[in-house]
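Enquirer: Here the protein sequences line up with chains A and B, keeping their order. Per my numbering, numbering of the first sequence is gapless, rising by one per residue and ending at 480. Per my numbering, numbering of the second sequence is gapless, rising by one per residue and ending at 426. Positions of the beta carbon are idealized from the N, C-alpha and C atoms, including for glycine. Bear in mind the structure is a predicted one, so any value in this text is a computation, not a measurement. This is the structure I have questions about; it appears just below.
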Amino acid sequence: MYDVIVIGAGVSGCAVARELSRYRLRTAVLERACDVCGGTSKANSGVVHAGYDAKPGSLKAKLNVEGSRMMEALSKELDFPYKRNGSLVLCFDEKDLPALRKLYDQGQENGVEGLEILSKEQLKKLEPHVSDRAVAALHAPAGGIVCPFGLTLALAENAAENGVEFRFETEVLKIEKTETGYRIFTDRGTLDARAVVNAAGVYADRFHNMVSEEKIHITPRKGEYCLMDRKVGGLVSHTIFQLPTVYGKGVLVTPTVHGNLLAGPTAIDVEDPESVNTTSEGLEDVMRRAALSVDDLPVKQVITSFAGLRAHEDGNDFIIGQAKGASGFFDAAGIESPGLTCAPALGKYLAKLILEYLPADEKPDFIARRKGIPSMALASLEEKKRLIKENPLYANVICRCELVTEGEILDAIHRPLGATTLDGVKWRTRAGMGRCQAGFCSPKVVEILARELGRDMSEIRKNDGGSRFLTGYDKDGIDG
Amino acid sequence: MKKDLVIIGGGPAGLAAAIAAKEAGVEDLLVLERDSRLGGILNQCIHNGFGLHTFKEELTGPEYAARYIEKAEALDIPCKLNTMVIDLAAEGGRKRVTVMNRQEGLYEIEARAVILAMGCRERPRGALNIPGYRPAGIYTAGTAQRYVNIEGRMPGREVVVLGSGDIGLIMARRMTLEGAKVKLVAELMPYSGGLKRNIVQCLDDFDIPLKLSHTVVDIKGKERVEGVTIARVDENSKPIPGTEEEVACDTLLLSCGLIPENELSESIGVAINPATGGPFVNESLETDREGVFACGNVLHVHDLVDYVSEESSQAGRNAAAYLQGALAGKGKAISLRAADGIRYTVPASIDVSRMGETQTVRFRVGSVYRDAALEVTCGGRVLKHIDKRVLAPGEMEQVVLKRSELQNIGNSESITFSVRTEKREV
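Pasting the structure below:
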């Protein structure tokens with residue numbers, strides 16, 4: 001019997017798990033995929049929103065502003081990449097100035113620090129590559145960028161280090177109320193828990209509706225993105241949003257925390273909660289809209305594109321807390337943007353509710369700090385030398401585009417909740433994230449994974465299920 | 001550490017450059033190679049057809065590489081393997097090369113001259129904007145070639161190849177020989193990007209259909225590729241609705257162009273020609289940074305390794321001349337203009353006072369032409385007119401200019417390379 005079972009190892013689930021790991025509770029996280037961060041948390045803008053978007057007084061607004069304020073300290077405590085680069089909302093038409101003003105007022109009311117409205121001249125001075133079409137902008141210096149994998153992995157690893165059990169490739173099929181809590185039926189057996197956290201992303205409605213009389217409905221909302229080479233990552237330094245225009249809701253252009261340039265997302269409601277495919281219309285749309293914000297958008301520097309699904313709830317708000325008629329069943333449902341930003345605050349908020357339901361003592365030996373994998377690419381010359389002295393494998397480059405070494409890859413495999421797949425290595429180290437998109441390093445990473453995990457190369461997968469790279473040996477199936 | 005000459009890359013370009021430099025009298029030189037052996041990508045090119053021009057015989061890639069590796073060994077040229085150059089910077093008149101490897105850690109080499117010979121990489125799926133899912137089973141042709149030829153492993157059973165670049169064609173044949181079914185090769189352009197001989201020997205001989213003016217418009221399969229959708233494209237390379245065709249497969253190989261790897265060149269401030277993706281070089285194959293030379297596929301993508309070797313030997317000799325002070329003194333540079341069907345020229349300029357008796361100018365055309373001619377003109381005057389039965393983008397062309405021809409162009413500042421034609425195909 002577990003005290004708490006968290007369904008979903010995305011950023012919300014991991015944030016809750018990490019908060020719960022401060023207490024004497026037996027907690028498990030169940031995840032359908034083979035790694036953390038495999039769903040909605042993986043494919044998004046990686047933006048830490050300042051908090052002017054959400055409706056004043058809403059839980060979304062409160063968690064957003066709190067999460068944004070917590071992020072910097074958390075990034076130091078848990079050692080993940082975060083940068084407060086500030087954000088700008090561009091206004092393209094004098095007629096829309098009142099809407100920009102409204103956003104400013106809303107931000108003030110939500111408690112966002114440092115907001116100011118910039119004139120065209122001030123804007124150009126701050127961001128020279130912003131399009132001349134922009135007539136004014138809202139500047140939010142509190143806005144930031146974060147690595148979604150980095151944040152989620154940090155929360156998960158720290159939770160694991162503090163005793164939370166992670167069960168991957170474990171799909172929840174059914175949940176039933178029992179005398180003492182809930183019985184969770186999975187494809188790998190049945191588990192009992194006093195309390196359940198439903199952080200299942202686009203599937204959260206399915207689980208909520210199994211136990212609660214008040215039904216919810218989540219629509220997967222697809223967002224497509226284009227990622228550009230680090231060469232052009234310096235085109236803008238702020239995260240550039242667009243005030244909704246006659247052209248639509250607008251897309252953002254932002255440097256990523258690793259120095260790439262990212263444009264997106266689209267927003268298309270889809271039926272299939274697995275449809276993370278990109279479309280030619282979507283990708284064209286992203287680049288066309290992004291070109292409204294910045295001049296000379298380097299379309300030829302796109303190195304990859306991807307799509308993510310936001311869990312949009314019909315009521316258009318986060319559903320956080322105990323589900324109606326289901327005591328001990330806590331939702332973190334409908335967590336779309338700014339979910340990544342909210343995660344640290346959401347974790348605390350939900351953990352507090354759970355502790356009221358399931359009181360427990362704090363652990364005196366809780367380990368608050370976590371050390372990430374050193375990055376040779378980001379290390380100074382002196383740090384690089386020190387790392388190599390510590391372990392010469394930090395000098396053996398495996399991924400040339402992102403300068404990732406064998407030392408870092410071994411760290412990724414052998415740490416808590418270590419990587420078992422090529423994507424797992426990629427998310428933890430950035431090997432394969434660069435301009436050649438794993439062309440050169442993937443055979444080497446496959447080889448290292450096989451060696452370190454004691455498996456044959458043919459068993460190494462890209463990520464989930466049947467995503468194997470190799471199908472056999474040369475001349476298999478040739479007669480004679 | 002100090003060196004007169006550092007050569008970055010121990011593939012065919014770096015080896016030929018090092019050998020030529022050593023033979024021209026450079027004693028204090030060093031080749032830096034990131035892989036565990038010399039020879040570069042030739043090591044995985046186990047098919048034959050290499051060396052017809054250089055050695056007048058057909059060698060495999062490893063055999064061709066071995067000729068140069070043996071020569072470099074015989075000449076006692078020092079090479080560091082498993083060594084990555086992580087930065088290249090100018091410091092006064094010298095170049096600072098920052099390298100690291102397991103044995104020696106991280107350190108700097110101060111070099112008087114550098115030859116860039118880092119080669120190229122394949123254009124990945126993301127840069128092609130192919131929509132669809134992102135399952136396992138999508139490889140660049142070169143990555144698949146490594147799995148099959150080096151690891152002895154098959155990356156798939158039922159294959160579609162996108163792009164008819166030479167590696168794609170070679171891999172269509174290799175996958176077939178190793179027991180896979182190659183369903184088709186789709187090519188966006190109305191002509192192949194590869195050598196004619198490869199179309200014949202790799203596709204025609206194995207009845208593999210080549211679908212010109214076709215591209216992949218969707219990739220299916222969430223975990224492993226389950227199929228692709230191909231469609232015909234119009235003259236602007238846009239897919240034509242209604243021409244879609246589903247092809248079941250578990251593997252998509254991409255052979256859609258090679259990109260010179262010039263990140264280090266850029267870090268030392270070398271100007272890059274957008275038409276080649278490689279540095280602008282003068283007659284000495286010297287970049288706009290004095291003492292920094294470039295050759296092979298990092299300079300521009302070649303069709304045959306023989307030309308890489310030839311060009312790189314020249315770079316090696318020129319680097320030697322530079323170190324010996326023989327490249328000093330600059331005359332007037334004539335710029336080479338690529339016009340009317342010519343995409344670029346290498347070199348981009350010629351200083352007649354520094355050129356040899358002859359100067360080879362290499363370039364590619366942008367379309368397929370039949371019964372056309374290559375012309376080199378200065379002002380209205382034709383310096384050279386070479387009739388060509390066929391010109392194709394997949395084959396590199398070259399024109400050899402004599403010094404005497406350039407000496408009497410008077411005060412002209414440029415000469416122009418163009419295709420003269422009445423009939424342009426497609």
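Determine the direct distance from the alpha carbon of Leu184 (chain B) to that of Val426 (chain B), and round the result to whole angstroms.
Expert: Residue placement at Val426 (chain B) is poorly supported in this model, since its pLDDT is 46, which falls under 50; the coordinates still yield a value, given next. Those two C-alpha atoms are separated by around 22 Å.
Enquirer: Give the list of continuous alpha helix (DSSP H) stretches no shorter than 4 residues that lie fully inside the segment 129-207 of chain B.
Expert: Runs found: 141-146 and 166-177.
Enquirer: Under 7 Å, Cβ to Cβ, is there at least one residue of chain A near Asn129 (chain B)?
Expert: Taking Cβ atoms only, chain A reaches closer than 7 Å to Asn129 (chain B), which makes this a yes.
Enquirer: Can you pull the DSSP bridge partners for His385 (chain B)?
Expert: Answer is B:Glu375.
Enquirer: Just checking: is the beta-carbon of Pro274 (chain B) within a distance shorter than 7 Å of some beta-carbon in chain A?
Expert: Not closer than 7 Å to any Cβ of chain A, the Cβ of Pro274 (chain B) fails to qualify, so no.
Enquirer: Taking 7 Å as the limit between beta carbons, can you name the residues of its chain near Cys226 (chain A), skipping five residues before and five after?
Expert: Answer for Cys226 (chain A): Ala263, Gly264, Leu283, Val286, Met287, Val302 and Ser305, listed in chain order.
Enquirer: Hey, is Gly472 (chain A)'s beta-carbon within less than 7 Å of any beta-carbon in chain B?
Expert: It does: the Cβ of Gly472 (chain A) has a partner Cβ on chain B nearer than 7 Å.
Enquirer: On the DSSP letters alone, give me the boundaries of the beta strand (DSSP E) that Pro455 (chain B) sits inside.
Expert: It is not possible to answer for residue 455 (chain B), since the shown part of chain B is limited to 1 through 426.
Enquirer: With a threshold of 7 Å between beta-carbons, can Val228 (chain B) be considered close to chain A, or not?
Expert: So no, Val228 (chain B) is outside the interface.
Enquirer: Looking at the secondary structure, which residues open and close the beta strand (DSSP E) in which Ile240 (chain A) lies?
Expert: Segment Thr239 to Gln242, the beta strand (DSSP E) holding Ile240 (chain A).
Enquirer: Let me confirm a value: Glu109 (chain A) is counted as buried when at least 16 other C-beta atoms fall within 10 Å, else exposed. Which label applies?
Expert: By the 10 Å Cβ count, Glu109 (chain A) comes out exposed.
Enquirer: Check distances from the C-beta atoms of the segment 150-165 of chain B to those of chain A and list, in chain order, the residues that come in under 9 Å.
Expert: If the cut-off is 9 Å between Cβ atoms, the segment 150-165 of chain B has Ile150, Glu151, Gly152, Arg153, Met154, Pro155, Gly156 and Arg157 near chain A.
Enquirer: Could you give the distance in angstroms between the alpha-carbon of Cys34 (chain A) and the alpha-carbon of Gly372 (chain A)?
Expert: Computed Cα separation, rounded: 20 Å.
Enquirer: At least one CB of chain B closer than 7 Å to the CB of Asn277 (chain A): is that the case?
Expert: Chain B contact via Cβ: present.
Enquirer: In whole angstroms, give me the CA-to-CA distance for Gly308 (chain A) and Phe166 (chain A).
Expert: Going by the C-alpha atoms only, they are around 23 Å apart.
Enquirer: Contact criterion: CB-CB distance below 7 Å. Does Asn391 (chain A) meet it with respect to chain B?
Expert: Closer than 7 Å: no.
Enquirer: Please confirm whether Gly168 (chain B) and Ser237 (chain B) have their CB atoms less than 7 Å apart.
Expert: No; because the gap between Cβ atoms is not below 7 Å, this pair is not in contact.
Enquirer: Which residues in the same chain as Thr152 (chain A) place their Cβ atom closer than 6 Å to its Cβ, once the five residues preceding and following it in sequence are excluded?
Expert: Contacts found: Val11, Cys14, Val36, Cys37 and Ser41.
Enquirer: Can you give the beta carbon distance from Gly143 (chain A) to Ala50 (chain A), rounded, assuming they're within the 8 Å contact cut?
Expert: That belief holds up - the Cβ atoms of Gly143 (chain A) and Ala50 (chain A) are roughly 4 Å apart, short of 8 Å.
Enquirer: If I'm right that Asp250 (chain B) touches Val270 (chain B) with Cβ under 8 Å, what's the distance once you round it to whole angstroms?
Expert: Contact doesn't hold; Cβ gap of about 42 Å is too wide.
Enquirer: Below 7 Å between beta carbons is the criterion; list the residues of the segment 178-203 of chain B that meet it against any residue of chain A, in chain order.
Expert: Correct list: Glu178 and Gly179.
Enquirer: Where Lys71 (chain B) and Ala21 (chain B) are concerned, what is the direct C-alpha to C-alpha distance, given to the nearest angstrom?
Expert: For Lys71 (chain B) and Ala21 (chain B), the distance between alpha carbons rounds to 13 Å.
Enquirer: Once DSSP output is grouped into helix, strand and coil, what is the label at His139 (chain A)?
Expert: Strand at His139 (chain A).
Enquirer: Helix, strand or coil for His214 (chain B)? Go by DSSP, reduced to three states.
Expert: Looking at His214 (chain B) - three-state DSSP - the assignment turns out to be strand.
Enquirer: Three-state secondary structure (DSSP) at Val426 (chain B)?
Expert: Low confidence applies here, because Val426 (chain B) scores a pLDDT of 46, under 50, leaving its location unreliable; read the following figure in that light. In this structure, Val426 (chain B) counts as coil in the three-state DSSP scheme.
Enquirer: What residues in the segment 434-463 of chain A have a beta carbon less than 9 Å from any beta carbon of chain B?
Expert: The residues in question are Arg435, Cys436, Gln437, Ala438, Gly439, Phe440, Ser442, Pro443, Val446, Glu447, Met457, Ser458, Arg461, Lys462 and Asn463.
Enquirer: Ala200 (chain A): which of A:His238, A:Val16, A:Lys475 and A:Ala54 sits nearest, CA to CA?
Expert: For the residues A:His238, A:Val16, A:Lys475 and A:Ala54, the minimum Cα distance to Ala200 (chain A) belongs to A:Val16.
Enquirer: The beta strand (DSSP E) spanning Lys184 (chain A) covers which residue range?
Expert: Here residue 184 (chain A) is Ile; the residue named in the question, Lys, does not match the sequence. Residues Tyr182 to Thr186.
Enquirer: Locate the beta strand (DSSP E) running through Gln322 (chain A), then write down its first and last residues.
Expert: Ile319 to Gln322 is the extent of the beta strand (DSSP E) around Gln322 (chain A).
Enquirer: Any contact of the segment 261-281 of chain B with the segment 173-181 of chain B, i.e. 3+ C-beta pairs under 8 Å?
Expert: Because the criterion of three Cβ pairs below 8 Å is not met, the segment 261-281 of chain B and the segment 173-181 of chain B do not touch.
Enquirer: Would Gly278 (chain B) pass as a contact of His300 (chain B) if the rule is Cβ separation under 7 Å?
Expert: Yes, these two residues count as a Cβ contact at 7 Å.
Enquirer: In chain order, what residues of the segment 92-109 of chain B put their CB closer than 7 Å to some CB of chain A?
Expert: From the segment 92-109 of chain B, only Met100, Asn101, Arg102, Gly105 and Leu106 have a Cβ closer than 7 Å to chain A.
Enquirer: Would Ile303 (chain A) count as contacting chain B if we go by Cβ distances under 7 Å?
Expert: Closer than 7 Å: yes.
Enquirer: Does the Cβ of Ala392 (chain B) have 16 or more other Cβ atoms within 10 Å, making it buried, or fewer, making it exposed?
Expert: Buried is the call here.
Enquirer: Return the residue from the list B:Thr345, B:Val97 and B:Ala294 that minimises the CA-CA distance to Thr416 (chain B).
Expert: It is B:Thr345 whose Cα lies nearest to the Cα of Thr416 (chain B).
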